[in-house]
Structures are given as structure tokens and as C-alpha cells.
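This report concerns only the one structure given below.
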Amino acid sequence: MADYTTSEMMTVAAARMLGNGTVCFVGIGLPSTAANLARLTHAPESVLIYESGPIGTKPNVLPLSIGDGELATTADTVVSTPEIFRYWLQGGRIDVGFLGGAQIDRYANLNTTVIGPYDKPKVRLPGAGGAPEIAAMAGEVLIIMNQNTRAFVDKLDFVTTAGHLDGGDARKRAGLPGKGPTAVITDLCIMRPDAETRELVVTDLHPGVTADQVREKTGWDVRFANDVVETMVPTPNELTVLRALLKRTAEAHGSAS
Amino acid sequence: MADYTTSEMMTVAAARMLGNGTVCFVGIGLPSTAANLARLTHAPESVLIYESGPIGTKPNVLPLSIGDGELATTADTVVSTPEIFRYWLQGGRIDVGFLGGAQIDRYANLNTTVIGPYDKPKVRLPGAGGAPEIAAMAGEVLIIMNQNTRAFVDKLDFVTTAGHLDGGDARKRAGLPGKGPTAVITDLCIMRPDAETRELVVTDLHPGVTADQVREKTGWDVRFANDVVETMVPTPNELTVLRALLKRTAEAHGSAS
Amino acid sequence: MANICTLTEAIGEFLHDGDTVAMEGFTHLIPHAAAHEMIRQKRRDLTLVRMTPDLIYDQLIGMGCAKRLVFSWGGNPGVGSLHRFRDAVEKGWPHPLEIEEHSHAALANAYVAGASGLPFAVLRGYAGSDLPKHNPRIKFINCPFTGEQLAAVPSLRPDVAVIHAQKADRKGNVLIWGIVGVQKEAVLASKRAIVTVEEVVDSLDADPNACVLPHWVISAVAVVPKGAHPSYAHGYYDRDNRFYTAWDAISRERDSFTAWMERHVLATMDWEAYRKLLSETGGTA
Amino acid sequence: MANICTLTEAIGEFLHDGDTVAMEGFTHLIPHAAAHEMIRQKRRDLTLVRMTPDLIYDQLIGMGCAKRLVFSWGGNPGVGSLHRFRDAVEKGWPHPLEIEEHSHAALANAYVAGASGLPFAVLRGYAGSDLPKHNPRIKFINCPFTGEQLAAVPSLRPDVAVIHAQKADRKGNVLIWGIVGVQKEAVLASKRAIVTVEEVVDSLDADPNACVLPHWVISAVAVVPKGAHPSYAHGYYDRDNRFYTAWDAISRERDSFTAWMERHVLATMDWEAYRKLLSETGGTA
Chain V
3 MADYTTSEMM TVAAARMLGN GTVCFVGIGL PSTAANLARL THAPESVLIY
53 ESGPIGTKPN VLPLSIGDGE LATTADTVVS TPEIFRYWLQ GGRIDVGFLG
103 GAQIDRYANL NTTVIGPYDK PKVRLPGAGG APEIAAMAGE VLIIMNQNTR
153 AFVDKLDFVT TAGHLDGGDA RKRAGLPGKG PTAVITDLCI MRPDAETREL
203 VVTDLHPGVT ADQVREKTGW DVRFANDVVE TMVPTPNELT VLRALLKRTA
253 EAHGSAS
Chain Y
3 MADYTTSEMM TVAAARMLGN GTVCFVGIGL PSTAANLARL THAPESVLIY
53 ESGPIGTKPN VLPLSIGDGE LATTADTVVS TPEIFRYWLQ GGRIDVGFLG
103 GAQIDRYANL NTTVIGPYDK PKVRLPGAGG APEIAAMAGE VLIIMNQNTR
153 AFVDKLDFVT TAGHLDGGDA RKRAGLPGKG PTAVITDLCI MRPDAETREL
203 VVTDLHPGVT ADQVREKTGW DVRFANDVVE TMVPTPNELT VLRALLKRTA
253 EAHGSAS
Chain A
311 MANICTLTEA IGEFLHDGDT VAMEGFTHLI PHAAAHEMIR QKRRDLTLVR
361 MTPDLIYDQL IGMGCAKRLV FSWGGNPGVG SLHRFRDAVE KGWPHPLEIE
411 EHSHAALANA YVAGASGLPF AVLRGYAGSD LPKHNPRIKF INCPFTGEQL
461 AAVPSLRPDV AVIHAQKADR KGNVLIWGIV GVQKEAVLAS KRAIVTVEEV
511 VDSLDADPNA CVLPHWVISA VAVVPKGAHP SYAHGYYDRD NRFYTAWDAI
561 SRERDSFTAW MERHVLATMD WEAYRKLLSE TGGTA
Chain P
311 MANICTLTEA IGEFLHDGDT VAMEGFTHLI PHAAAHEMIR QKRRDLTLVR
361 MTPDLIYDQL IGMGCAKRLV FSWGGNPGVG SLHRFRDAVE KGWPHPLEIE
411 EHSHAALANA YVAGASGLPF AVLRGYAGSD LPKHNPRIKF INCPFTGEQL
461 AAVPSLRPDV AVIHAQKADR KGNVLIWGIV GVQKEAVLAS KRAIVTVEEV
511 VDSLDADPNA CVLPHWVISA VAVVPKGAHP SYAHGYYDRD NRFYTAWDAI
561 SRERDSFTAW MERHVLATMD WEAYRKLLSE TGGTA
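Residue numbers (the working numbering), protein chains in the order written: chain V, 3 to 259; chain Y, 3 to 259; chain A, 311 to 595; chain P, 311 to 595.
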């Protein structure tokens, strides 16, 4: 039955979260794939912004880096990186921040800095990049990540990027303007913050995925909504567009000199 | 003998103050005439910057406004007005600020705000414009003004723009980075601040001008240097270039629709 | 997508009595047509923000639209005084005008701070000037690292920005070039933005790093050819220096000013009718 | 006028041991040739500033040029880890590396503040993040008007900025276009600036509002074709994504890294010789 991969399901499910006309600040990698799939299917008027400077970019192939030339060539305009962070992100012009992460906790806080102590790290991760301010300033935040117990952990060694902090109205008390993470899309399911506690709750299971599978891949005692729904399978059109996009991308980047 | 006007003498004397290669922030009016005369004579490599955004502009005719199209067309680049004030002026990239003014006192402080009390002005002048920060940040400041007792006054009703404040090291104490005014060029003479007191002292008299004439046109008991020199008369080349510039300018602006 | 409509509709829908309005353009691209429409629609109690009030605010002030003025240099560039501005400040005609006075550097920084979503701007400014004594919205703060003293001003967050630009595409993306002034910052600092343009084109054909304002930050775009006159639009028409000179005489006395505005602005239906009248009467009179 | 000279001369004259150096380029126009020359000339004790350390700083760190790193995202874009950066931070090889870690927004603002002659930058940043706990150069201040809490970071004022650009004219005016990143700010924040370019031309033929750096803010311009490789120069050549992937294997172990650098950088006389060797050995190996 399932003529699609779990990765395709994740990307399609994430893409569907982006409304048409949305102004989206896009992280590189999985978020970029999902945002462009949205643009190429149900959300042609969505406005994609990358931190390197392109505004309203419509890349024909996915960028490998955050500043690929394709992003500039197909943009409505390209501004400087300071301007992106100052006028567009901090200026409150972004509806949705679309992020990935190395580690996440039950309140959708993200760690991309270190595993182990900061001053004596076991693993030094890349660091913050644009994430802390994207997650702070965007109207809402979508997070896309592969689900496993190394990534979905009970306690972060380091909070790089605030999600809902320790829950409740902690985010508001910390002075964070945006609503914060409203969904985490994985290869298994979709989680959303509880209205009160802001703890992530599984609301959608991808077709064929069981609650136990999600529990096994989550580093905390994960909660499920009372009315968990099954994610709609990818439509033929979604799969066709996604696969063509990835094929074009592989061809373009493979042949780069 | 004098086949030039006092106004031409003033402009020529002011132009000579600009060294070749100098980066000059130019005020509109008399400073702009003098700076462009310098550029068209002995200082072809001077870099003229106007607060409207043009950098390295080489106008063929003088601008009537601070933002004439001619300034943009002939510039090396045109940046935004905030960038001019932030990166170029406040960033410490300006050698010389070239200003005019409505009123000046013996310490080369300028008033362009009000005659009379601020809240009940007898005459409301245009205001500060760029002057306070130009005079603060430029390496040094040149001031060009017609000399009379309404303009050269004993006490300013309002200090819009700090020159040497109340003299001595007052400028330094107020945290003003640049050296401040180093010369005031008028239709009668050139004044420069005393090395100690920073009070303006007449150092050059234009040909045919007497000390008494200067005293009559100055609202304070003006001091003279021990070795006052006579300004060199305008050279034929200076006059030819200046007159051609003003002629081109009148023709261009007269015919504008 | 920006709403492409008439100027009458744009002002009617997006600019209201009591608004704080920033109409920018640094001698270039001054949105004069929009100001006329505000006068026709009898907007009142506006807080007008502009680095250089210029003829555009002289007209709005003289016609009683303004309650308050935030500015940094109020003259008729290359000519002399703004008589209506002076009359309002010196004699309170047609009614008293509150003023908040800054330097160019401070207002430029205040727009940047507004566009950047910050509550205030920091600058090296105002040292030794009397302006801070008369403007409580200029304060001094210390750098938390070096202790240095710096000036601070509140950011500008107007209700509406109004600008004129060379062109827009059919989606409402706007291109400005030449002397770009502080327009991008004014638009991004404001809640709403009205843009008049010389023309609407299929494609902007802009340089990748040109000054383009995307359609989704703009409330309305109205096509108003020559809409910046007597200011200019680079690539379209020159500054009408004769009009600036003529304005000195028109605006010097209350009566002559009022008569001119009634005949040229209130009695004309729109900018096109005004431009027609102007050409018939020799450009200014 | 900027000094137009060889890269060897530019690095020799304007970039010294112990300097704070900002080499910028946001995946586009990364000045790799200049970094090689710094390695050849054995610069030591540098404080390296860069939003994304990338391969360029991985090489400098692994070759022992860096004492300190100021950064905000240290990965191999699209590939994974920077192994030399990690080895220095995790194991102190070739020697310990001090780090000062920020977010992109903070570093971008710190460059802006540096270019603006301010001692610090203000931003809405770091709220809820653990970064301020580990970086004493992040503080919080209050708006003097609203009382709101905002983050503050010291401005960046490097000794030298090093960038790569598409072209310069014969006076040394430099044009950058496409993804312009933070290069203008890095140059204007720095005391000196070294620019490598793809070519020198008679005229830049730039748009009036293009990103042009005038010659008098630049210390030296050196013509280095393909000087950004494996990064790209828009309009000249594409990003060499295969090199980024290959770097993962080259740099993973100390021995393979050192051998590669010795053969490709230390044993070649300049960038042209390096590029020749690279083409002979199949691009990466």
C-alpha cells in the first residue's frame, strides 16, 4: 500500500502546515524541502525568506547551502544578512519560522550547541545560527525532525533555542514575542503543544505508525491526544512534485563543478 | 584691480581649504559650491558625500537641493540616508564636514534653530538637519558664512550644533569625537580657533578688507592674530572654473520644468 | 498582494484622522499627490513625521491637517523658509502646532529602530546641542560594556507610511532607485503603507540588490504619474525648481496660500485635474 | 586609492600575527584564497571572527593559526561537522581554541554596530537561551523610554576584514552582488580591509544603489580568479558542492588533514599553483 517513504511522509506533512500566502523564514535542510514543496503544491503565494538575504525566493532546485546562488537568482529581492535579521525577522514581518534541530525536549526547546557540558563538550554541535531569534520573533514556529531517542530527549544539555521553556506561560514571561512552536513534524507523527501546559502531545500518527513505535523513539514519557488522527497519506501530486524536486536537485548538485 | 566679487573670494578661499583626496561631507549651498570648486581645481580626488546618500559624487552642475538627481547620476554609489549617517558619518569615515549656518558665536557654535526663545520664537529657522552630528563626527569642520552682525553674534539664542562650546577642552569633555571647526571662511576673512582658548581669531583678511571692516561686521569684540596675512586673490583658473560652474548651474536649473 | 487602487481609495481606506503619518522622500520622490488627496479628504489631527517637512508639509500644515510635527530640518530647499510651517510655530495659524524636533541622524536612526522592531535607537548624537533641553524624547544612556555615554531616541512606529516610487509590478512589488532616502525604513517601521507610483509594469527588471519593497508589506499601490511634482522621479522627470521658488510667494501670506490651495487642490477632483489646471495656468500661478 | 597588488603582498602588509580578522561571505564569495595565503605565511594567534566558520576557518584552525574564534554557526553546510573546529574545541588540537559564541542575529548586529561607530548593539535576542550563561559578552539592558528588556552585545571592530568580490575597477572601487551577506558591514567595521576579486575592469557598470565599496575604505585589492572556491562567485562559477562533501573525509582525521594541507597549500606557491594541482588531482584529492 505505502508507495512512499517515511521521509516523504514527514516532508509532505510538514509542507501541508504552510498556508498559502504565508511569509516563512526557512531553515536549510528538511525545512527548506518542506517549504518548497508547499510552494510548488498548495501554497504558490507563500513567501520564502532565507537568512542569507533572499526574499520571495522560488528556487527550481533545493539549495544545498543557505546561500546558494539559485536562491538569489529566483528571489524578488536580495538584501543583506543584517537587514534580514533586523528589518524582516526582528521587525515582525515573519509569519512562520521553519526550523530543524539536533535535540528537542517535551516543551519543544532545541539544542544545537553541545552534548555534554558547554566547557567540556562530548560533542560540539554547530551552534545557534539564526534559530534563537527565528523562534523568538516569528509569529509561530514549525519544527521538522527525524524522531529517535537521541534527538527527542528528556532533558537538553543546553537550551540553544527557546520553545515553550518549562511550559505554561513561561514563554510570555521571558518576553518572547511570537507564539513559539505550534507543531513538531517527524517521520512518525505530528506533535502539538497542549493548550495549557505547552507540553508536546501527539495529535497525528502517520499511516501505519503505532503509538508504541512513537513511545520507543521518544526520550520522555510522551503523551497522546484523546483523539489522535491518522495523517492523510501523501497524494500522488504531492509525491510527484516532491520526487521531481529532489531529482532536479540531485542532478543540479551532482553536476556542480 | 579686483575683478572678482567678495562672494567669489569667499568661495575660492573656502575651496582651497579642501585637500586633495579628502573625504568631505558637504552641506547644501555655499559649502557645496566651494567643495565642488575644489574638486574641479586642485582636489580632483576629493570624495564628496551628501546626506541624501550619494558617495563620491561629481556633479556637473551644482545641486539646488541636497538630493538632486545629478548627485545620484554622477556618484560612485548611492546609499540610503540612514546608512550615510550610520556607517559613513558616525562610522568615522569623514575627514571634513563642510557647513553653513544662520548664526555663529566666537567659539564657532552654530544656531540654525530659533531667534528668540525656543517655545516662543521670534524667528523659526529650519532646524538642525545633519549639522550636529556632522560637526561632532567629522575629523574637522569648515564653516562658510557671509559675515554680518546678525550672523556673527555675541551670544546664540540656541546652540544647535556644537563648535568649541565654551572653549578650551570643552569639546573633548562633552565627548565630541572630531576636532571641531578649524576654520570659518567669510566674505571678509578667515578665522581660526586659538590653539588654547579655541576662540575664533582672524588669521587672514581678504584683499582690500580692513580689520575695522571685520570688527563692524562681527557681533563680539573679535580678536586678530599677530601675523594676519592677506588671502591670495583668486587665480584666473579658479575664477574661470567657478564662473563656468555657476553658469552651467543657472542654465540647468532655469530650464528645469 | 498589495491592493492596486486609486489614490482616493488608498487614502480613504488606509489613512485616518488622528494617525501618525510618515511621508518620506529626500528631495527625490516626495509624495505630493498623496498629500493633496489628504487635504481634499480633509484629514485632521495628524501627527506628521518627516525629516524635511518641505513644501509637502507646508501645505498640510497650512490647510489645518496637522496637530503635531516630528522633523529635523524645515526649510524650502534652495529657496528659504517654509512660511506656513513658520506661521504655525510662530503665530499658531491656522492652529497651534506641537513640534518634536530632532537632528537628521536621530530621525534616520529612529526609523531604522522602528523598522527593526526595537523601542529605541542609540546614536552618537546631540552632544553639546541645546536640542535635548527642549525635547524630552532625547535621553542619554551608557554602553553596558564601555560605559560611554550615547544618545537615545524612541523609535518611530507610524500608523501609515506614504511614499512615491518609480514603478510597481502587477502584484504590487515596488522598485525605488536613485536617492532612496529613508523610504524603505519608513515603510517597514509603519503599520500600513501607501505607495504612489509613476507606472505599473509587467516586470520590475530590477538588479538583485535593488531597493525593492515586496507587495506583502504594502497596503495599497496607486498609479499617479508625475505624483511627486514639484519633487522629481529619477528616470521620469526633473525637479521643478521654479515651483519651489514660486512657492515662496504663494505661501508667504495666509490669503494667497489659502486662495491657491482652494483653487488648485480643493476645487480639483484629483491629481490629474490639478496637473491640468497647473499647466493651463503656467505651472505655478 | 586602494592598493592593487598581489595577494601575497596584501596579506604580508595588512594582516599581522595577533590580529582580529573577519573573513566574511555567507556561503557566497568566501575568501578561500586569502585564507590559504595566511596559512602559507604562517599567521599565528589570530582572533577569527565569522558568522559561519565553514571550511575556511576549519583550515585555519587546523593549521594552528587561530587563538580565538567568534562565531554563530560552525558546520559544513549541507554536509555535517567541521572536524578541525570540533577537534580544537573538544580535544584542544592543535592547541586549545577559545570560543565566543553568539547567534547569527547578534553577530550581524555587532557588525552593524561596528560599522556605525557604536560600542554596542541592541537586539531582541537570546531570551530563554542558555547562551548568555556561557558568554559574558551578552548582557541585557532596558529601554530608557519603555523599560523593555533587550539584549546587548559589544560591537565588532576587527583589525582586518578580508572579503572576496566579483570585481573592482582600476581605482579599487569594489562591486559585490547577489547574496551580499554581511561583507559591507565587516569592511566598514574594520580598521583595514583586504579584498580579492575575480577581475579588475575599466568600469563597474553598477546600478546606482548596488553594493559598492569605495576604494578609499579598502587597503588592498588583489586579483585572484576563482579565489572563492569551493564557495562560489555569482556570475562567474558555481559552488563546488563535491568539494564540501570531500572535505568531510579529508578533514576527519588529523593526519589526512595535515597531509592534504601540506601538499595543497604549504607546498604550492600561490592560489594559481594550488588550483593547478587541484585540477590535476581530480578536484579534491
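Note that the Cβ used here is the ideal one computed from N, Cα and C, for glycine as well. Being a predicted model, the structure only gives us computed values, none of them experimental.
If you keep only unbroken beta strand (DSSP E) runs of at least 3 residues inside the region 529-554 of chain A, you get 530-533. Within chain Y, no C-beta atom comes nearer than 7 Å to that of Ala530 (chain P); the closest sits roughly 17 Å away.
For Ser513 (chain P), the closest alpha carbon among the candidates P:Lys501, P:Gly482, P:Ala532, P:Ala543 is that of P:Gly482. Taking the beta carbon of Gly427 (chain A) as reference, the chain V residues within 7 Å of it are Gln92, Gly93, Gly94, listed in sequence order. Within the region 202-237 of chain Y, the beta strand (DSSP E) runs of at least 3 residues that lie entirely inside it are, in chain order, 202-207, 225-232. Contacts between Pro524 (chain P) and chain Y, judged by CB atoms closer than 8 Å, involve Val49, Ile57, Gly58, Asp78, Thr79 in chain order.
Within chain A, Pro454, Phe455 have C-beta atoms less than 9 Å from the C-beta of Lys449 (chain P), given in sequence order.
Proximity of Cys521 (chain P) to chain A, defined by a Cβ-Cβ separation below 7 Å, is satisfied. The alpha carbon of Leu370 (chain A) has as its nearest neighbour, out of A:Pro429, A:Ala332, A:Leu433, A:Ala520, the alpha carbon of A:Ala332. With its beta carbon at least 7 Å from every one in chain P, Tyr52 (chain Y) lies outside the interface. Per DSSP, Val399 (chain A) is one residue of the alpha helix (DSSP H) stretching across 393-401. For Arg18 (chain Y), the enclosing alpha helix (DSSP H) covers residues 8-18. For the region 361-394 of chain A, the set of positions with a beta-carbon nearer than 8 Å to some beta-carbon of chain V is empty. In the three-state DSSP reduction, Thr151 (chain Y) falls in the coil class, being neither helix nor strand. Annotation note: the region 434-522 of chain A contains the following uninterrupted alpha helix (DSSP H) runs of length 4 or greater, listed N- to C-terminal: 441-444, 493-499.
The Cβ atoms of Met147 (chain Y) and Thr115 (chain Y) do not sit closer than 7 Å to each other. Excluding five sequence positions before and after Ala425 (chain A), the CB atoms of its chain that fall closer than 6 Å to its own CB belong to Glu495, Leu498, Ala499, given in chain order. Looking at the backbone, the Cα of Asp159 (chain V) and that of Gly221 (chain V) are separated by about 13 Å. Across the structure, Val522 (chain P) and His539 (chain A) are spaced so that their CA atoms are roughly 30 Å apart. For Phe336 (chain A), no alpha helix (DSSP H) segment is defined, and its DSSP state is neither H nor E. With fewer than 16 other Cβ atoms from the protein chains shown falling within 10 Å of its own Cβ, Met579 (chain P) counts as exposed. Those residues of the region 428-440 of chain A placed with their C-beta closer than 8 Å to a C-beta in chain Y are Leu433, Arg434, Gly435, Tyr436, Ala437, Gly438, Ser439, Asp440, ordered along the chain.
In this chain, the alpha helix (DSSP H) harbouring Met571 (chain A) covers 564-571.
Short of 7 Å from the beta carbon of Ala343 (chain A), and not among the five residues preceding or following it, lie these beta carbons of its own chain, in chain order: Leu317, Thr506, Val534, Gly537, Trp581. Assignment of beta-bridge partners to Leu379 (chain A) by DSSP yields A:Leu358, A:Ile409. Closer than 7 Å to the CB of Thr237 (chain Y) there is not a single CB belonging to chain A. Among the bridge pairs identified by DSSP, Met193 (chain Y) is matched with Y:Val186, Y:Val204. With respect to the 7 Å criterion, Phe381 (chain A) and Ile504 (chain A) are not classified as neighbours on the basis of their beta carbons.
The C-beta of Pro518 (chain A) comes closer than 7 Å to at least one C-beta of chain V. The C-beta of Glu408 (chain P) comes no closer than 7 Å to any C-beta of chain V.
Shown here for Arg108 (chain Y): same chain residues with a beta carbon closer than 6 Å to its own, the five before and five after excluded, namely Glu201, Leu202, Trp222 in chain order. Close partners of Tyr120 (chain V) in chain P (Cβ separation under 7 Å): His444. Within the DSSP secondary-structure output, Arg126 (chain Y) pairs in a beta bridge with Y:Val116. Assignment of Leu588 (chain P) by DSSP, reduced to helix, strand and coil, places it in the helix class. Residue contact with chain P for Arg108 (chain V): absent (no Cβ-Cβ distance below 7 Å to any residue of chain P). Taking Leu248 (chain Y) as the centre and dropping the five residues before and after it, the same chain places the C-beta of Thr35, Leu64 closer than 8 Å to its C-beta, in chain order.
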